[in-house]
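Residue numbers (this note's numbering): 651 to 686.
Built from N, CA and C at the ideal position, the CB exists for glycine as well.
Just so you know, these numbers come straight off a predicted model, no measurement behind them.
1) Spatial neighbours of residue 669 within its chain, please: CB distance less than 8 angstroms, with the 5 preceding and 5 following residues excluded, ordered by chain position.
2) Taking the alpha helix (DSSP H) that residue 664 belongs to, which residues open and close that run?
3) Assuming contact is defined by CB atoms lying nearer than 7 angstroms, are residue 680 and residue 671 in contact in what I supplied?
Below, the structure written as structure tokens:
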């Protein structure tokens, strides 16, 4: 089995988070599952 890699664009993630909060007006909570 090959190791998995994830590349995360933090600037895009931050932008999407702020946009979602602005549009929904609600608080947000992120869940990250490891060892899936």
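If we stick to the structure as given:
1) none
2) From DSSP, the alpha helix (DSSP H) with residue 664 extends over 660-674.
3) no
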